[in-house]
Amino acid sequence: MFGCNKKLKFLSTTVFSRPRFITVLPSSLLSTANPSVSFTKQAHACIVVSGLHGNASFLGHLIALLALCPSTPLEYSFAIHQTINNPPVFMSNNMIRCIAKSESPRKSLVFYSDSILRSCARPNNYTFTFLLQACSKSLGLCEGVQIHGQLLRLGFGQDVYVKNALIHFYSCCCKVESSKKVFEESPQRCDVVTWNVMLAGFARDGELSAAENLFVEMPERDVVSWNTMIMAYVHNGKLEESLDCFRRMRECGLPPNEATLVTMLSASAQLGLLGHGRMVHSLIDLFNIPMTVTLGSALLDMYAKCGCIEQARIWFDKLPRRDISTWNVMICGLASHGLAKEALALFRRFLNEGLCPVNVTFIGVLNACSRAGLVKEGWRYFRLMGDVYGIEPEMEHYGCMVDLLGRAGLVSQAVEMIESMDLSRNPVLWATLLCACRIHGLEEMGQSIGHKLIQLDPTYDGHYVQLSSIYAKSKKWEDVVRVRKLMVERNTCKVTGWSLIEDQGMVHRFVSGDREHKRSLEIYKMLERIETRLAEAGYTPNIVSVLHDIGEEEKEIVIKVHSERLAIAFGFLVTSSGACIRIVKNLRVCSDCHEFSKMISRVFEREIIVRDVSRFHHFKEGKCSCADYW
């Protein structure tokens, strides 16, 4: 009669046939792991039909279920609570819990004052746990400190649940020293959750060394402990350390959960480590982890950022559920691989599905236009964003448009766009334009923009390097020296370029002229063999990008030991004949290394995939997927 599931059908028959229904119903409700509002309303109907609508215990359990629902209707929860005069603390606590997870968590403090304090009821440890959750969510430092004082006066300062909530509250409010003080009080009152909450506090505050020390000291570690430490490494850019931490977790025999796998897929994606990403994917199947939207999106992102865009497309179509973030990952992935037409086609499919784009969606769309030089389409989507969807352009959108116009040689239009912006002039936009000036040989404008950038942001090395490149292209070596000297005087230095390659789960990092690798002699011998074959095929080094006033022969030596060349030579040593070589580079690939890689792909019949700071380059049969437009 109520459209009940099997559990509720059993309950409805029990109402009239067995007096022990009074004890069956609460335990049945509490055993529901993922209640819905619909389920709770059906259970409420059973209670009303049974004549137990005035039972505070049952109604308290109903509110507890509503607190666990993904979206809690506060009006319904309040209506249940108000049916009982002088409700018990258990019932009021669950009402506080409902409010704490709502969009207005501070209202739980008002409710606490009205429902518990004014009725002279005595709060318990759960009361303060839920109140502190509300203060954590709303970042209510002042209110939380008052709650802290009250719970101490009532003698709950030693309760482990309250202690954990206090540490979490202070961490959320960026008061990690206060968290530490609470943690260090009565260490015998700590459980694994206490240690985890303190560990998360250090991680959130960026105190990586403190987190590492605490992790070592932990008397017991669970999957949350390991996840927190792995996430701390990832969020602080220590990606290789996160891989090592994950390896140690697996050696301890702890099975990963969804949070572990999502984080490790992110680390694999950022490093471009396909082998590691595939290993993480295999664990999803091994442990039968449900393919949620979050996990599916992380999997797509990993394949896209590791150069396997076709694999990403296959999985995109296979996913049982997709949300806007999933579509955004796929659109942005296609754009980064230079597949502009495919990215724009997917965007049209996205719209046909009835989905509404957000700012990130248009970043992917405009980036696709930029990578392919689609000026007309770029303008159309830029206008569509504001005119149809009411999305105000942000710095990233302007950056894509300036890049699009600059690469297409429409530098004057790009300047007009920057100067007409409502937003403040971000140096990144001028830097993008400076790069366009260097590409198109606009020496005078490039010099003007370069000096402007150095004034706007004198500590960033990239501006000096770009300006030096423009002077070097014109063989104005005195100006190159002057800019380099200025760079040293202002305590800036060029970011060291590096290239990564993965082999059998290990990450190998190379810098220009690197001789630290244990197989260095073999790598340089292989590089000589490659260069000899390419020279026979007609390759000559393009030394224009070398910024030093040195002889032609010396410039050739400098360019021959760039980091990606060393990584490619190592790839020849560790991969089978004909296998694809995958490289990740932290800077933009130079024009000569780009030509070098194209030649290798033709002469040796090897596919090479390079992910640089700008995009992917798929070198195959003497051509690059970027069509030399990068």
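Every letter in the sequence shown is one number past the one before it in full-length UniProt numbering, and letter 538, counting from 1, is 538. By construction, the Cβ of each residue, glycine as well, lies at the ideal position given by its N, Cα and C atoms. What you are looking at is a predicted structure, and each value in this text was computed from that prediction instead of being measured.
According to the Cβ coordinates, are residue i and residue j closer than 8 Å?
| i | j | result |
| --- | --- | --- |
| residue 688 | isoleucine 609 | Residue 688 falls outside the range modelled here, since the chain spans only 1 to 630, and no answer is possible. |
| isoleucine 391 | phenylalanine 362 | yes |
| serine 520 | valine 584 | no |
| leucine 372 | glycine 338 | Note on identity: in this sequence residue 372 is alanine, with leucine being the wrong assignment. Yes, Cβ-Cβ distance for alanine 372 and glycine 338 is below 8 Å. |
| leucine 254 | valine 234 | no |
| methionine 526 | alanine 569 | yes |
| glycine 206 | cysteine 173 | no |
| isoleucine 470 | arginine 438 | yes |
| tyrosine 389 | cysteine 356 | yes |
| valine 465 | leucine 433 | no |
| alanine 414 | glycine 462 | no |
| glutamate 502 | histidine 276 | yes |
| isoleucine 147 | leucine 132 | yes |
| asparagine 86 | serine 119 | yes |
| cysteine 245 | leucine 274 | no |
| serine 563 | serine 512 | yes |
| phenylalanine 130 | arginine 97 | yes |
| arginine 204 | serine 171 | yes |
| asparagine 367 | alanine 335 | yes |
Using 7 Å as the cut-off, classify the Cβ of residue i as near or not near the heavy atoms of the ligand GTP, replying yes or no.
| i | result |
| --- | --- |
| isoleucine 608 | The model on display carries no ligand, and the ligand GTP is accordingly not part of it. |
By the 10 Å Cβ neighbour count, where 16 or more other Cβ atoms means buried, how is residue i classified, buried or exposed?
| i | result |
| --- | --- |
| glutamate 416 | exposed |
| residue 638 | With the chain covering 1 to 630 only, the question about residue 638 has no answer from this structure. |
| threonine 492 | buried |
| arginine 247 | exposed |
| lysine 555 | Interpretation of lysine 555 is limited by its pLDDT of 42, a score under 50 that renders its predicted location unreliable; the figure taken from the coordinates is listed afterwards. Lysine 555 is buried by the Cβ-count criterion. |
| proline 70 | exposed |
| aspartate 592 | buried |
| methionine 395 | exposed |
| aspartate 628 | exposed |
| proline 88 | exposed |
| valine 483 | buried |
| residue 633 | Nothing about residue 633 can be reported from this structure: the residues present for the chain run from 1 to 630 only. |
| lysine 101 | buried |
Per DSSP, what kind of secondary structure is residue i in: helix, strand or coil?
| i | result |
| --- | --- |
| phenylalanine 619 | strand |
| lysine 238 | coil |
| cysteine 135 | helix |
| lysine 501 | Per the sequence shown, residue 501 should be read as isoleucine rather than lysine. Three-state DSSP puts isoleucine 501 in a strand. |
| cysteine 172 | helix |
| methionine 198 | helix |
| phenylalanine 510 | strand |
| valine 610 | strand |
| isoleucine 568 | helix |
| threonine 14 | Its pLDDT being 38, under 50, threonine 14 is placed unreliably in this model, and the value from its coordinates should be taken loosely. Threonine 14 falls in the helix class under three-state DSSP. |
| arginine 582 | strand |
| cysteine 369 | helix |
| cysteine 624 | strand |
| isoleucine 167 | helix |
| aspartate 323 | coil |
| alanine 79 | helix |
| tyrosine 629 | coil |
| threonine 532 | helix |
| methionine 417 | helix |
| glutamine 188 | helix |
| arginine 97 | helix |
| histidine 61 | helix |
| proline 427 | helix |
| histidine 463 | helix |
| tyrosine 539 | coil |
| cysteine 356 | coil |
By alpha-carbon positions, which one of the options ends up nearest to residue i?
| i | options | result |
| --- | --- | --- |
| leucine 404 | Trp379, Asn426, Arg438 and Tyr389 | Trp379 |
| asparagine 257 | Phe287, Asn236 and Leu467 | Phe287 |
| alanine 267 | Met279, Leu456 and Ser242 | Ser242 |
| residue 631 | Trp195, Arg204 and Gly206 | Nothing can be reported for residue 631: it is not among the residues displayed for the chain, which extend from 1 to 630. |
| lysine 623 | Arg611, Ser614, Asp612 and Ser597 | Ser597 |
| serine 92 | Glu75, Pro70, Thr127 and Ala45 | Thr127 |
| alanine 312 | Leu299, Ile47, Lys620 and His61 | Leu299 |
| aspartate 301 | Pro320, Met264 and Pro290 | Met264 |
| leucine 239 | Gly272, Gly446 and Ser468 | Gly272 |
| leucine 344 | Arg321, Ser474 and Ser370 | Ser370 |
| serine 77 | Leu109, Val49 and His44 | His44 |
| valine 160 | Ser104, Met198 and Val176 | Met198 |
| arginine 509 | Arg565, Gly538 and Thr459 | Arg565 |
| aspartate 317 | Cys306, Gly307 and Val293 | Val293 |
| arginine 615 | Gly333, Ala64 and Arg278 | Gly333 |
| histidine 440 | Asn94, Thr228, Arg407 and Gly497 | Arg407 |
query: Which runs of the alpha helix (DSSP H) spanning at least 4 residues fall entirely within the stretch 270–316, listed in chain order?
result: 274–286 and 293–305
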